[in-house]
Amino acid sequence: MSTADRRRFWPRLMLTAMRAQLAYPTAFWLTVLAMVLNDGVWLAFWWLYFSRFPVIHGWRLEDVAALWAISASALGIVQGFGGNLTRLARLIMQGELDVYLSLPKPALPHLLLSRVNVASLGDVLFGPLVFLAFLHPSLARLGLFLLAVVLAGAIFLAFLLLLHTMAFFLGRADLLADQVTISMITFSTYPSPIFQGGLRLVLFTLLPAGFINTMPVSILRSPDPRFIAGAAAFALLLGLLALLAWRQGLRRYASGNLFQARL
Amino acid sequence: MLAVRTEGLRKVFEQRRGRERSSHVAVAGIDLQIEQGEAVAFIGPNGAGKSTTIKMLTGILHPSSGSAEVLGLVPWQQRQRLALQIGTVFGQRSQLWFHLPAGDTLRLLGAIYELPTDVARWRSEELAERFALRELLTVPVRKLSLGQRMRFEIAASLLHQPQVLFLDEPTVGLDVIAKAEVREVIREANQGGATVFLTSHDAGDIESIARRAIVIDHGAIVFDGKVSSLRRQWLTDKVVELRSEEEVTPPEMPGVVVEKASRYGLRLRFSAQDLPVRQVVADLLERYPVYDITISDPPLESVIAAIYQREATRP
Numbered sequence: 039m040s041t042a043d044r045r046r047f048w049p050r051l052m053l054t055a056m057r058a059q060l061a062y063p064t065a066f067w068l069t070v071l072a073m074v075l076n077d078g079v080w081l082a083f084w085w086l087y088f089s090r091f092p093v094i095h096g097w098r099l100e101d102v103a104a105l106w107a108i109s110a111s112a113l114g115i116v117q118g119f120g121g122n123l124t125r126l127a128r129l130i131m132q133g134e135l136d137v138y139l140s141l142p143k144p145a146l147p148h149l150l151l152s153r154v155n156v157a158s159l160g161d162v163l164f165g166p167l168v169f170l171a172f173l174h175p176s177l178a179r180l181g182l183f184l185l186a187v188v189l190a191g192a193i194f195l196a197f198l199l200l201l202h203t204m205a206f207f208l209g210r211a212d213l214l215a216d217q218v219t220i221s222m223i224t225f226s227t228y229p230s231p232i233f234q235g236g237l238r239l240v241l242f243t244l245l246p247a248g249f250i251n252t253m254p255v256s257i258l259r260s261p262d263p264r265f266i267a268g269a270a271a272f273a274l275l276l277g278l279l280a281l282l283a284w285r286q287g288l289r290r291y292a293s294g295n296l297f298q299a300r301l
Numbered sequence: 042m043l044a045v046r047t048e049g050l051r052k053v054f055e056q057r058r059g060r061e062r063s064s065h066v067a068v069a070g071i072d073l074q075i076e077q078g079e080a081v082a083f084i085g086p087n088g089a090g091k092s093t094t095i096k097m098l099t100g101i102l103h104p105s106s107g108s109a110e111v112l113g114l115v116p117w118q119q120r121q122r123l124a125l126q127i128g129t130v131f132g133q134r135s136q137l138w139f140h141l142p143a144g145d146t147l148r149l150l151g152a153i154y155e156l157p158t159d160v161a162r163w164r165s166e167e168l169a170e171r172f173a174l175r176e177l178l179t180v181p182v183r184k185l186s187l188g189q190r191m192r193f194e195i196a197a198s199l200l201h202q203p204q205v206l207f208l209d210e211p212t213v214g215l216d217v218i219a220k221a222e223v224r225e226v227i228r229e230a231n232q233g234g235a236t237v238f239l240t241s242h243d244a245g246d247i248e249s250i251a252r253r254a255i256v257i258d259h260g261a262i263v264f265d266g267k268v269s270s271l272r273r274q275w276l277t278d279k280v281v282e283l284r285s286e287e288e289v290t291p292p293e294m295p296g297v298v299v300e301k302a303s304r305y306g307l308r309l310r311f312s313a314q315d316l317p318v319r320q321v322v323a324d325l326l327e328r329y330p331v332y333d334i335t336i337s338d339p340p341l342e343s344v345i346a347a348i349y350q351r352e353a354t355r356p
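The listed protein sequences derive, respectively, from chains P and B. Its first residue numbered 39, the first sequence is counted upward by one per residue in my numbering. Its first residue numbered 42, the second sequence is counted upward by one per residue in my numbering.
Written as structure tokens, this is what we have:
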């Protein structure tokens with residue numbers, strides 16, 4: 039088998055994961071639509087807010103729309119196509135990595151891409167729709183938008199991965215991971231200037247939502263090369279830490295005997 | 042050439058309850074040597090360390106100490122390379138996609154094992170034919186019976202023609218016919234040159250697939266030899282069945298248990314360690330006009346039950 043054939047495995051895996059969800063097409067499309075509507079309601083709230091108070095700390099409706107477009111697209115891609123990411127702590131805890139560890143492919147990407155999270159596909163649709171509707175699309179702005187989505191996606195992926203791999207060391211990290219993920223998403227969808235002082239430090243270190251909620255201003259409105267380089271370096275560092283935790287964690291992996299199926 | 046070799050392979054699980062830490066020795070430093078082409082049954086009661094050993098040999102678990110090589114590779118260090126050459130079936134874990142037809146999983150596994158597309162298709166069809174699954178290739182896995190699913194699981198593990206097959210309770214939950222089919226396919230794979238390493242609580246699996254048995258108890262190997270000698274070593278009991286020319290009354294012989302009595306027949310059981318066989322037989326020949334007599338080892342089920350019972354009564 040050639041290298042090109044080997045590379046074709048990954049899209050084939052993603053296609054299989056998508057087909058597994060499309061086995062119930064009505065449920066699939068209703069779930070996607072429900073998530074688009076859910077995101078839309080949040081944006082509608084912001085529209086109502088800005089219709090009364092047009093500016094908060096220099097932010098306008100367009101900036102909040104950009105924030106939602108970036109975070110929904112990034113999180114949607116990461117959680118949607120890496121559907122096992124938010125279940126990883128449970129999979130580790132319940133000893134369900136065995137199937138992936140017994141096959142001749144890198145276990146981490148194999149398990150992440152083996153499940154599509156349908157609800158998150160609603161986010162993947164919502165983000166670009168908001169970009170097209172609110173953010174005056176042009177080729178240059180599309181480039182900046184894609185850059186922001188890639189950086190935000192890398193930070194989400196690395197952070198959630200590091201968080202969930204704690205299950206190797208803590209034994210039970212699923213509830214902690216769920217709570218922290220909600221906090222990360224919440225802080226990632228509010229304008230950055232409303233967070234000040236010590237909280238701001240936390241948002242650029244322990245809970246790195248600060249990088250994401252700064253992107254509408256520092257990438258889309260007035261691109262700041264220092265911010266972009268900083269965000270990229272942080273994503274890289276977090277990613278390396280997550281991979282190290284995964285590798286070390288596998289040495290402690292205890293497996294288990296639960297009955298298990300690939301859904 | 043050795044397919045599996047271990048030296049002092051040991052696995053200790055650390056446990057934490059509140060602030061207390063404790064450790065549980067799952068595998069207590071085992072030495073194994075299995076030649077290529079052998080069919081080995083790895084048996085023992087629940088919690089004896091069978092699955093943990095298989096998981097270390099397939100690279101899923103890292104050992105606490107000791108060494109192991111499978112096909113010359115260190116499983117937990119060269120896991121992906123090894124996975125290309127071995128097949129695994131965990132009776133409790135499925136590698137089939139639940140909502141998709143099993144044929145889709147076989148196609149994906151073809152890509153996972155890096156088989157050229159035409160070879161993967163040919164192997165899938167061959168295995169489906171062999172397991173009588175051809176009509177079921179397009180049926181979603183969720184609609185298959187347990188037996189059909191297990192046959193697909195084993196077909197999936199054979200797709201890439203592995204050199205070593207690790208089977209952890211492959212017939213669990215199957216009916217008699219499905220068990221027979223699965224055993225036959227495993228035997229065929231073994232006759233084709235694949236080394237088979239099997240764990241099972243089913244005496245039928247062990248007798249029909251394996252020639253060698255390794256018994257593990259509390260993480261340590263307590264027997265390693267031929268399946269046929271497992272009975273003799275583990276149970277010193279003998280079973281005597283006799284047919285008489287005249288009606289029989291059950292005998293009262295110290296140390297001899299009457300298991301079954303009919304008008305002209307008896308089935309007796311005694312320990313050959315306490316009573317010499319020739320003495321029992323001579324006594325019986327003297328008492329009855331014997332028409333036919335058979336002396337046999339107890340069935341393997343009794344051996345396995347004895348092993349498990351011993352485990353249950355250990356402090």
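Glycine is no exception: its CB is placed at the ideal position from the N, C-alpha and C atoms. Keep in mind it's a predicted model, so treat the numbers as computed, not measured.
If we count the other Cβ atoms within 10 Å of its Cβ and call it buried at 16 or more, is PRO175 (chain P) buried or exposed?
Counting from one through the first sequence, the residue named residue 175 (chain P) turns up at place 137. Label assigned to PRO175 (chain P): exposed.
Examine chain P for any beta-carbon lying closer than 7 Å to the beta-carbon of LYS184 (chain B), and answer yes or no.
Translated into the one-based positions of the second sequence, residue 184 (chain B) becomes position 143. Output row for LYS184 (chain B): interface = no.
If you count every other CB in all the chains shown that lies within 10 Å of the CB of MET191 (chain B), and 16 or more means buried, which is it?
Locating residue 191 (chain B) in the second sequence gives position 150, where the first residue counts as 1. Its Cβ being crowded by 16 or more others within 10 Å, MET191 (chain B) is buried.
So with Cβ pairs under 7 Å, would you call ALA205 (chain P) a contact of chain B?
Reading the first sequence from its first residue, position 167 is the one you call residue 205 (chain P). For ALA205 (chain P), the answer is no, since every Cβ of chain B falls outside 7 Å of its Cβ.
Could you tell me which of B:LEU326, B:ILE195, B:GLY49 and B:HIS103 sits nearest to LEU147 (chain B), measuring between CA atoms?
Walking along the second sequence from the start, residue 147 (chain B) turns up at place 106. Out of B:LEU326, B:ILE195, B:GLY49 and B:HIS103, B:ILE195 has the C-alpha closest to the C-alpha of LEU147 (chain B).
Go through its chain and collect everything with a Cβ distance to GLU342 (chain B)'s Cβ below 7 Å, but skip five positions before and after it.
Along the second sequence, one-based indexing puts residue 342 (chain B) at 301. Answer for GLU342 (chain B): ALA244, listed in chain order.
Where does PHE19 (chain P) fall in DSSP's three states?
Outside the displayed range of chain P (39 to 301) lies residue 19 (chain P), so it cannot be described from this structure.
Quick check on DSSP: helix, strand or coil for LEU73 (chain B)?
Mapped onto the second sequence, residue 73 (chain B) falls at position 32. Here LEU73 (chain B) sits in strand by DSSP.
Contact criterion: CB-CB distance below 7 Å. Does ARG210 (chain P) meet it with respect to chain B?
For the purposes of this step, residue 210 (chain P) is identified with residue 172 of the first sequence, where counting begins at 1. Answer no: the Cβ-Cβ gap between ARG210 (chain P) and chain B never drops below 7 Å.
By a C-beta neighbour count over all protein chains shown, 10 Å radius and 16 as the cutoff for buried, is GLY90 (chain B) buried or exposed?
Within the second sequence, the letter at position 49 stands for residue 90 (chain B). It is buried - the Cβ of GLY90 (chain B) has at least 16 other Cβ atoms within 10 Å.
Please compile the residues from chain B whose C-beta is within a distance smaller than 9 Å of the C-beta of LEU51 (chain P).
Looking up residue 51 (chain P) in the first sequence gives position 13. LEU149, ALA152 and ILE153, listed in chain order.
Could you tell me whether the stretch 265–273 of chain B touches the stretch 102–109 of chain B, where touching means 3 or more Cβ pairs closer than 8 Å?
Cβ pair count under 8 Å is below three, so no.
Quick one: residues in its chain with C-beta nearer than 6 Å to the C-beta of LEU149 (chain P), no 5 flanking neighbours on either side, listed in chain order?
Position 111 of the first sequence, counting from 1, holds the residue named residue 149 (chain P). For LEU149 (chain P), where only same-chain residues beyond five positions count, the Cβ hits under 6 Å are ASN122 and TYR138.
When the distance is taken between beta carbons, is VAL187 (chain P) closer than 7 Å to ILE266 (chain P)?
Taking the first sequence and counting its residues from 1, the one referred to as residue 266 (chain P) is at position 228. Taking the first sequence and counting its residues from 1, the one referred to as residue 187 (chain P) is at position 149. No; because the gap between Cβ atoms is not below 7 Å, this pair is not in contact.
How would you label TRP366 (chain P), buried or exposed, when you count the other beta carbons within 10 angstroms and need 16 or more for buried?
No statement about residue 366 (chain P) is possible, as the shown extent of chain P runs from 39 to 301 and does not include it.
Can you give the Cα-Cα distance for LEU371 (chain P) and GLN189 (chain B), rounded to whole angstroms?
Outside the displayed span of chain P (39 to 301) sits residue 371 (chain P), for which this structure offers no information.
Answer yes or no: do GLY107 (chain B) and LEU50 (chain B) have a C-beta to C-beta separation smaller than 7 Å?
If you number the second sequence from 1, residue 107 (chain B) lands on position 66. If you number the second sequence from 1, residue 50 (chain B) lands on position 9. Closer than 7 Å, so yes.
Between B:PHE207, B:GLN202 and B:GLU110, which has its C-alpha nearest SER140 (chain P)'s C-alpha?
As a position in the first sequence, residue 140 (chain P) is number 102, starting the count at 1. Comparing Cα positions, the closest option is B:PHE207.
Name the residue from B:GLY214, B:PHE172 and B:LEU200 whose alpha carbon lies nearest to the alpha carbon of GLU225 (chain B).
Within the second sequence, the letter at position 184 stands for residue 225 (chain B). Nearest option by C-alpha distance: B:PHE172.
In this structure, how does DSSP classify ARG58 (chain B) when only helix, strand and coil are distinguished?
Reading the second sequence from its first residue, position 17 is the one you call residue 58 (chain B). DSSP places ARG58 (chain B) in strand when its eight states are reduced to three.
For chain P, find out if any of its Cβ atoms is closer than 7 Å to the Cβ of PHE54 (chain B); answer yes or no.
On the second sequence, position 13 is the one that residue 54 (chain B) refers to. Taking Cβ atoms only, chain P reaches closer than 7 Å to PHE54 (chain B), which makes this a yes.
So with Cβ pairs under 7 Å, would you call VAL137 (chain P) a contact of chain D?
Of the protein chains in this structure, namely P and B, none is chain D.
I'd like to know if the stretch 115–123 of chain B and the stretch 157–167 of chain B are in contact, where contact means that at least 3 CB-CB pairs between them fall below 8 Å.
As far as the Cβ criterion goes, the stretch 115–123 of chain B does not touch the stretch 157–167 of chain B, which means the pair count is below three.
Taking GLY296 (chain B) as part of the beta strand (DSSP E), name the residues at either end of that continuous run.
The count along the second sequence starts at 1 and reaches residue 296 (chain B) at position 255. Where GLY296 (chain B) is concerned, there is no enclosing beta strand (DSSP E), given that its DSSP letter is neither H nor E.
Does the beta-carbon distance from VAL154 (chain P) to GLN59 (chain P) come in below 7 Å?
In the first sequence, residue 154 (chain P) corresponds to position 116, counting from 1. In the first sequence, residue 59 (chain P) corresponds to position 21, counting from 1. For VAL154 (chain P) and GLN59 (chain P), yes; Cβs fall inside 7 Å.
Buried or exposed for ARG134 (chain B), please, with buried defined as at least 16 other CB atoms from any protein chain shown within 10 angstroms of its CB.
As a position in the second sequence, residue 134 (chain B) is number 93, starting the count at 1. By the 10 Å Cβ count, ARG134 (chain B) comes out buried.
Does DSSP put LYS220 (chain B) in a helix, a strand or coil?
Taking the first residue of the second sequence as position 1, residue 220 (chain B) is located at position 179. If DSSP states are grouped into helix, strand and coil, LYS220 (chain B) belongs with the helices.
In its own chain, which residues sit with a C-beta less than 7 Å from the C-beta of THR99 (chain B), not counting the 5 before and 5 after it?
In the second sequence, counting from the first residue as 1, residue 99 (chain B) sits at position 58. Excluding residues within five positions, the ones whose Cβ falls inside 7 Å are PRO116, ILE127, THR129 and PHE207.
Please state whether the Cβ-Cβ distance between GLY85 (chain B) and ASP338 (chain B) is less than 7 Å.
Position 44 of the second sequence, counted from the start, is the residue given in the question as residue 85 (chain B). Position 297 of the second sequence, counted from the start, is the residue given in the question as residue 338 (chain B). Cβ distance not < 7 Å, so GLY85 (chain B) and ASP338 (chain B) don't count as in contact.
Given a limit of 7 Å on CB to CB distance, which residues of the stretch 120–131 of chain B reach chain P?
Correct list: ARG120, GLN121, ALA124, LEU125, THR129 and PHE131.
Given a cut-off of 7 Å on the beta-carbon distance, is the pair PHE207 (chain P) and VAL74 (chain P) in contact?
Residue 207 (chain P) sits at position 169 when you count from the first residue of the first sequence. Residue 74 (chain P) sits at position 36 when you count from the first residue of the first sequence. Cβ atoms of PHE207 (chain P) and VAL74 (chain P): not closer than 7 Å.
Could you pull the DSSP bridge partners for THR47 (chain B) from this structure?
Taking the second sequence and counting its residues from 1, one reaches residue 47 (chain B) at position 6. BP columns for THR47 (chain B) point to B:LEU73 and B:ALA109.
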